[in-house]
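This report refers to the structure that appears directly beneath it.
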Amino acid sequence: MQTITRDQLIEKAVSLLADGTVSCVLGWQKGEFDYDVTPVLFKNADELKANFVWNDFCGANFSKYLVTKAEKATGKVLVFLKPCDTYSFNQLLTEHRFNREKVYAVGIPCEGMVDVAKVKAICGDGIVSIDCGEKLSVTTLYGDEPTVIDAKDVLAERCINCKSKKHVAYDELLGEEGEVIASDRFDEVAKLEAMTPDERFAFWQGELSRCIRCNACRDACPACTCEKCVFDNPKSGVENKSPANSFEEKMFHIIRAFHVAGRCTDCGECSRVCPQNIPLHLLNRKFIKDINCFYGEYQAGAEVGSRAPLVDYTTDDLEPGEVFDRRDNNA
Amino acid sequence: MNNVETLIPAVGVITDVRIDTPDIKTFRVVTTDGKKAFDHRPGQCAMLSIPGVGEAMFSITSSPTNTEYMEFSIKKCGCVTEWLHQAEVGQQITIRGPYGNPFPVDDVFVGKNLLFIAGGVGLAPLRSVINYCRHYRDRYGDIDIVYGSRSKADLLDYKEIIDEWATDAGVNVHLTIDNAQPDWDGHVGFVPNYVKELGFDTNKTAILCGPPIMIKFTLEGLISLGFDKTQVYTTLELRMKCGVGKCGRCNVGAKYVCKDGPVFRCDELEELPNEY
Amino acid sequence: MRKCSLNSINSVFAEIAKAATLYLPVDGKDGSAVYTKWEEGKVWSNALNTVRSPKDFFFPQTENLMAFKTAGKNIEIIDTRSESEDFVIFGVRACDVKSFEILDRVFLSEPVDTFYAARRAHGVIVSVACTKPSETCFCGTFGINPAEPAGDISAWKTETEVFFRANTEKGVALLSKIEGLTEECTDEAVDAQKEKISAIMKKLPLKDVTTDAFGGGKTMDYFNSPAWDELSQSCLGCGTCTFVCPTCQCYDIKDFNTGKGVIRYRCWDSCMYSEFTRMAHGNNRLSQKERFRQRFMHKLVYYPENNDGLFSCVGCGRCLAKCPISMNIVKVMKKIGGENK
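Listed in order, the protein sequences are those of chains A, B and C. Plus 66 on top of the position in the first sequence (first one is 1) and you've got the working numbering. Plus 49 on top of the position in the second sequence (first one is 1) and you've got the working numbering. Plus 530 on top of the position in the third sequence (first one is 1) and you've got the working numbering.
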């Protein structure tokens with residue numbers, strides 16, 4: 067359950083609209099069901115009161131939308147940012163991808179977002195309503211009584227492994243300031259590292275062969291903001307909507323992981339949006355883990371303007387040969 | 050192969066390359082045994098490809114009355130066309146078609162005075178129609194051809210226009226270029242304005258092809274002269290992959306340009322959403 | 531009507547697999563069902579449906595059309611087509627069976643797509659009724675009855691038994707192959723199940739979604755609706771909806787240089803992609819709004835105009851479940867249709 071309420075957020079948004087601080091509000095709009103929410107630009111108090119929603123299913127990271135929405139807005143855009151979203155926000159600022167002056171960021175606490183697939187695994191299909199109270203109360207077409215679930219049991223993977231409750235960027239913070247937390251997010255990566263190369267290859271072969279090349283991972287990724295993606299450019303020679311063979315299907319994801327290495331904040335949007343449930347975040351986390359190991363702890367987006375290790379040469383950088391030497395020691 | 054599969058092309062050979070303008074070349078294509086690849090009607094198109102480069106739709110610029118070969122006038126502007134412009138005589142390519150509906154040369158146009166209006170490489174699809182109508186000259190009334198391009202050097206088929214079209218009885222050629230130049234004593238100005246200046250009688254059927262902006266203003270000009278949209282035909286170009294109304298790229302409204310077009314009467318276009 | 535016990539279904543699968551390759555939904559590692567080639571040990575999934583639709587069987591994500599060998603100025607076209615083999619798709623839901631009819635109207639209309647036609651001719655479809663539709667289901671909107679799925683054979687699965695009814699010659703032939711493993715029975719149990727399903731259909735949250743406002747000839751009624759701006763405002767321009775959709779059939783044809791020659795292949799394409807209509811000299815759909823609009827106008831207006839009023843949606847709900855921003859055809863129909871009823 068979230069500690070801040072929908073009403074508090076609407077009240078904040080309405081007052082900022084009323085005093086002219088912002089001209090519109092980037093928020094979550096309620097959908098057909100209690101769990102499907104759509105990012106929308108709200109223009110006025112009536113729209114907010116009618117359709118704004120804040121619950122355990124507001125996972126979408128708004129930072130990337132600022133690249134297009136802030137540019138077009140006439141005044142400032144109010145954006146609500148969960149702690150993890152603020153890292154993407156800073157990273158985009160570091161890369162000069164939107165105009166900070168056109169954004170009013172309100173940090174909001176987050177107790178973790180729920181993965182509806184996990185809810186369905188417990189309650190079954192046919193969800194009629196989900197009441198996000200102290201616990202989740204789920205009514206389905208097929209159960210007589212609502213099923214009560216602790217949100218902690220159905221959190222999205224990225225929220226189980228939440229890396230920070232601390233907001234690293236905001237103009238205004240609602241609720242308490244949180245802390246960066248020690249997470250077990252590299253455990254899965256360590257398991258992959260412990261595999262033999264053949265096992266690891268088989269693992270990724272199994273995962274990536276399911277890719278339907280819908281590009282949702284790329285299009286949702288806050289680090290993927292190239293004006294023209296190399297995979298959309300017919301002259302790049304790699305523009306393909308579909309893998310021509312099993313090498314190609316892996317290439318897309320590996321190249322993308324390389325391209326966002328050092329810039330990926332581990333927000334987890336790639337895995338959230340993947341219709342095929344491919345654990346794409348593990349590719350990125352491997353890079354983050356390696357960067358931490360070779361160059362010291364580095365969190366992309368922790369502050370604006372930081373020099374990411376992969377684009378910052380120092381005389382202390384380890385020699386390429388060392389990477390090879392350390393290959394059997396967890397890296 | 051069990052069935053005739055429309056997506057599978059035949060191999061064709063380029064037997065002649067003519068440099069028409071600084072960025073347009075005309076390619077003559079036959080099959081590997083020296084014959085015309087297939088019969089077509091004026092205004093129809095064909096898919097040409099170079100393996101590894103890609104496939105693209107081109108209008109067939111030669112007249113169906115030419116039974117020996119097909120010609121394609123191609124402007125250099127994308128991957129496939131750039132590659133073709135480097136091709137030499139003897140180069141093999143692939144060819145499939147014909148695709149789309151032709152201009153109604155055998156029914157609607159019969160007995161009519163015809164007014165052809167083209168801009169730039171827009172003459173390429175009309176050349177097929179013009180030469181067809183010249184071949185069956187007695188079926189049609191007067192023929193007027195208004196053609197304009199950026200400069201004299203950019204006029205496609207200039208030699209054929211001067212030596213053959215302009216010398217035919219009952220065929221009037223009106224050429225124009227965008228800007229004056231020393232070796233040009235003809236008309237200077239854009240095609241839409243020239244059409245209005247020429248002030249054609251409305252007892253004609255007009256056939257238009259050129260860049261979208263030229264088509265737009267020329268159509269407005271014709272209407273101001275009293276033409277009805279049902280008297281004006283044009284041919285559209287959109288991205289195509291299959292050529293047979295299945296791949297979905299050239300879908301505009303309920304029409305597929307490759308299958309239901311590319312030739313449209315201008316009043317039919319009014320029923321389509323404006324995204325062509 | 532014939533039946534077998536649910537416990538013996540694996541021997542039915544084994545028998546079918548002797549004659550033809552058998553595919554059926556099997557739970558994958560991530561818990562979602564995937565059409566999988568049956569072999570001993572594979573278990574028929576209890577999931578309502580697969581994430582990837584069975585359109586793959588007839589219109590695969592990628593398929594080679596031909597190959598080229600080039601030498602100097604010469605080109606040789608190599609036919610890479612292999613003869614299709616007989617196959618059976620088991621456990622197809624009513625919505626997906628209907629999607630084949632929608633695909634047929636595209637690929638089997640003149641000129642026939644022989645790649646598609648060959649697979650269609652070799653495929654036998656065993657459908658199965660849905661006892662527990664999801665909240666995202668709205669097949670009823672398109673006149674589809676999940677209790678009475680079409681296909682070569684219709685099947686009904688109860689707690690203990692599976693019932694079969696052949697609908698076509700292909701179905702009769704397949705059913706005769708498993709005659710020894712099934713027994714003749716009355717319609718009673720199936721009729722009872724149909725009634726149950728019909729009661730559930732009346733409770734589905736999307737039961738009131740209607741196509742009344744849509745159909746052929748309505749292009750200009752909706753094309754310029756201001757609602758498209760709002761509906762498309764957060765569309766990411768990915769192809770998820772298109773690729774999980776059982777009726778989306780746009781494709782691309784591309785060449786791939788393997789280093790040893792060139793393969794020309796066909797793959798799924800999406801009108802949501804910016805590259806879809808891009809030509810060397812321009813693009814006739816420059817904004818995501820235009821591309822978004824194209825997808826829904828095609829399903830709700832253009833396709834029906836060309837296909838006797840048949841809509842190009844079967845209400846399977848995949849796009850509802852999978853769109854990263856939860857924007858989908860139901861929201862479009864309610865917004866665009868609701869305003870113009």
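For each residue, glycine too, the CB sits at the ideal point set by N, CA and C.
Would you please state the rounded distance, in angstroms, between the beta carbons of residue 667/C and residue 736/C? I believe it to be under 8 Å.
Walking along the third sequence from the start, residue 667/C turns up at place 137. Walking along the third sequence from the start, residue 736/C turns up at place 206. Confirmed, about 7 Å.
For residue 818/C, which of 87/A, 134/A and 265/A has the nearest alpha-carbon?
The count along the third sequence starts at 1 and reaches residue 818/C at position 288. If we check each option's Cα against that of residue 818/C, 134/A comes out closest.
Going straight from the alpha carbon of residue 543/C to that of residue 552/C, what length do you get?
Here residue 543/C refers to the residue found at position 13 when the third sequence is read from its first residue. Here residue 552/C refers to the residue found at position 22 when the third sequence is read from its first residue. Between residue 543/C and residue 552/C, the C-alpha separation is close to 7 Å.
Could you confirm whether any beta carbon from chain A is found closer than 7 Å to the beta carbon of residue 805/C?
What you label residue 805/C is simply residue 275 of the third sequence in a count that begins at 1. So yes, residue 805/C belongs to the interface.
In chain A, which residues lie less than 9 Å from residue 768/C when you measure between Cβ atoms?
Numbered from 1 along the third sequence, position 238 holds the residue referred to as residue 768/C. The answer, in chain order, is 280, 281, 282, 283, 284, 285, 286 and 339.
Measuring straight from C-alpha to C-alpha, what distance separates residue 120/B and residue 610/C?
One-based indexing of the second sequence puts residue 120/B at position 71. One-based indexing of the third sequence puts residue 610/C at position 80. So the two alpha carbons sit approximately 30 Å from each other.
If we ignore side chains and look at the alpha-carbon of each, how far apart do residue 753/C and residue 777/C end up?
Counting from 1 along the third sequence, the entry for residue 753/C is found at position 223. Counting from 1 along the third sequence, the entry for residue 777/C is found at position 247. Distance between the alpha carbons of residue 753/C and residue 777/C: 21 Å.
Can you say whether residue 310/B is buried or exposed, counting buried as having 16 or more other CB atoms within 10 angstroms of its CB?
For the purposes of this step, residue 310/B is taken as residue 261 along the second sequence, with counting starting at 1. Result: buried.
Does the structure place the segment 187–203 of chain A close enough to the segment 273–286 of chain A that three or more beta carbon pairs sit under 8 Å?
Result no; under three Cβ-Cβ pairs closer than 8 Å.
Please state whether DSSP places residue 141/B in a helix, a strand or coil.
By one-based count along the second sequence, residue 141/B stands at place 92. Here residue 141/B sits in strand by DSSP.
Counting only beta-carbon atoms, is residue 733/C nearer than 7 Å to chain A?
Indexing the third sequence from 1 puts residue 733/C at position 203. Output row for residue 733/C: interface = yes.
Taking the runs of the alpha helix (DSSP H) that are 4 residues or longer, which of them lie wholly in the segment 774–836 of chain C?
Qualifying alpha helix (DSSP H) stretches, in chain order: 818–827 and 833–836.
So what's residue 68/A in DSSP terms, helix, strand or just coil?
For the purposes of this step, residue 68/A is taken as residue 2 along the first sequence, with counting starting at 1. Reduced to three states, the DSSP call for residue 68/A is coil.
Excluding the 5 residues preceding and the 5 following residue 68/A in the sequence, name in chain order all residues of the same chain whose CB lies nearer than 6 Å to its CB.
Residue 68/A sits at position 2 when you count from the first residue of the first sequence. Once the five neighbours on either side are set aside, the close Cβ partners of residue 68/A are 177.
Could you spell out where the beta strand (DSSP E) holding residue 596/C opens and where it closes?
Indexing the third sequence from 1 puts residue 596/C at position 66. 592–601 is the extent of the beta strand (DSSP E) around residue 596/C.
From this set, 150/A, 181/A and 116/A, which residue's C-alpha is nearest residue 232/A's C-alpha?
Counted from its first residue, the first sequence places residue 232/A at position 166. The residue with the shortest Cα to Cα distance from residue 232/A is 150/A.
Can the beta-carbon of residue 61/B be found less than 7 Å from the beta-carbon of residue 86/B?
Here residue 61/B refers to the residue found at position 12 when the second sequence is read from its first residue. Here residue 86/B refers to the residue found at position 37 when the second sequence is read from its first residue. Yes.
In this structure, does DSSP put residue 540/C in helix, strand or coil?
Taking the first residue of the third sequence as 1, we reach residue 540/C at position 10. Looking at residue 540/C - three-state DSSP - the assignment turns out to be helix.
Does DSSP classify residue 532/C as helix, strand or coil?
As a working note, residue 532/C is residue 2 in the third sequence. DSSP places residue 532/C in strand when its eight states are reduced to three.
Secondary structure at residue 119/B, three-state DSSP: helix, strand or coil?
Taking the second sequence and counting its residues from 1, the one referred to as residue 119/B is at position 70. Three-state DSSP puts residue 119/B in a strand.
Who pairs with residue 63/B in a beta bridge, going by DSSP?
As a working note, residue 63/B is residue 14 in the second sequence. Paired residues: 78/B.
Where does the unbroken beta strand (DSSP E) through residue 117/A begin, and where does it stop?
As a working mapping, residue 117/A is identified with position 51 in the first sequence. Residue 117/A -> not in any beta strand (DSSP E); alpha helix (DSSP H) instead, spanning 111–117.
So which residues of chain A does residue 582/C contact, with C-beta pairs closer than 9 Å?
In the third sequence, residue 582/C corresponds to position 52, counting from 1. Per Cβ cutoff of 9 Å: 276, 278, 341 and 342.
Would residue 55/B pass as an interface residue toward chain C - the criterion being a Cβ-Cβ separation below 7 Å?
Numbered from 1 along the second sequence, position 6 holds the residue referred to as residue 55/B. Closer than 7 Å to some Cβ of chain C, the Cβ of residue 55/B qualifies, so yes.
Answer yes or no: do residue 198/A and residue 121/A have a C-beta to C-beta separation smaller than 7 Å?
Position 132 of the first sequence, counted from the start, is the residue given in the question as residue 198/A. Position 55 of the first sequence, counted from the start, is the residue given in the question as residue 121/A. Result yes, Cβ atoms of residue 198/A and residue 121/A sit closer than 7 Å.
Anything in chain A within Cβ reach of residue 669/C, meaning under 7 Å, just list it in chain order.
Position 139 of the third sequence, counting from 1, holds the residue named residue 669/C. Those within 7 Å of residue 669/C in chain A number zero; the least Cβ separation is about 14 Å.
So the candidates are 208/B, 104/B and 79/B; which of them puts its Cα closest to the Cα of residue 794/C?
For the purposes of this step, residue 794/C is taken as residue 264 along the third sequence, with counting starting at 1. Comparing Cα-Cα distances from residue 794/C to each of 208/B, 104/B and 79/B, the minimum goes to 104/B.
Per DSSP, which residues does residue 557/C bridge with? Please list them.
The residue labelled residue 557/C in the question sits at position 27 within the third sequence. BP columns for residue 557/C point to 563/C.
Under 7 Å, do residue 315/B and residue 306/B count as touching if we go by C-beta distance?
The residue given as residue 315/B occupies position 266 in the second sequence. The residue given as residue 306/B occupies position 257 in the second sequence. Not closer than 7 Å, so no.
Which whole-angstrom value is the C-beta distance of residue 279/B and residue 164/B, which I expect to be below 8 Å?
Mapped onto the second sequence, residue 279/B falls at position 230. Mapped onto the second sequence, residue 164/B falls at position 115. Actually they are not in contact, since the Cβ atoms of residue 279/B and residue 164/B sit about 14 Å apart, beyond 8 Å.
Going by the C-beta, is residue 573/C closer than 6 Å to any heavy atom of the ligand GTP?
Of the ligands one can find in the structure shown there are none, so the ligand GTP has no counterpart to examine.
When the Cα of residue 132/A is compared with those of 116/A, 119/A, 159/A and 148/A, which residue comes out closest?
Residue 132/A sits at position 66 when you count from the first residue of the first sequence. When only C-alpha atoms are compared, the closest one is 159/A.
Helix, strand or coil for residue 289/B, going by three-state DSSP, please let me know.
Indexing the second sequence from 1 puts residue 289/B at position 240. Coil, per DSSP.
Should residue 109/B and residue 89/B be called a contact, given that it needs their Cβ atoms to be closer than 7 Å?
Sequence index remark: in the second sequence, residue 109/B carries index 60 (1-based). Sequence index remark: in the second sequence, residue 89/B carries index 40 (1-based). In contact: residue 109/B and residue 89/B (Cβ atoms closer than 7 Å).
Under 7 Å, Cβ to Cβ, is there at least one residue of chain A near residue 854/C?
Here the question's residue 854/C lines up with position 324 in the third sequence. Judged by the 7 Å Cβ criterion, residue 854/C is in contact with chain A.
Is there at least one Cβ from chain C nearer than 7 Å to residue 193/A's Cβ?
Taking the first residue of the first sequence as 1, we reach residue 193/A at position 127. By this cut-off, residue 193/A is an interface position.
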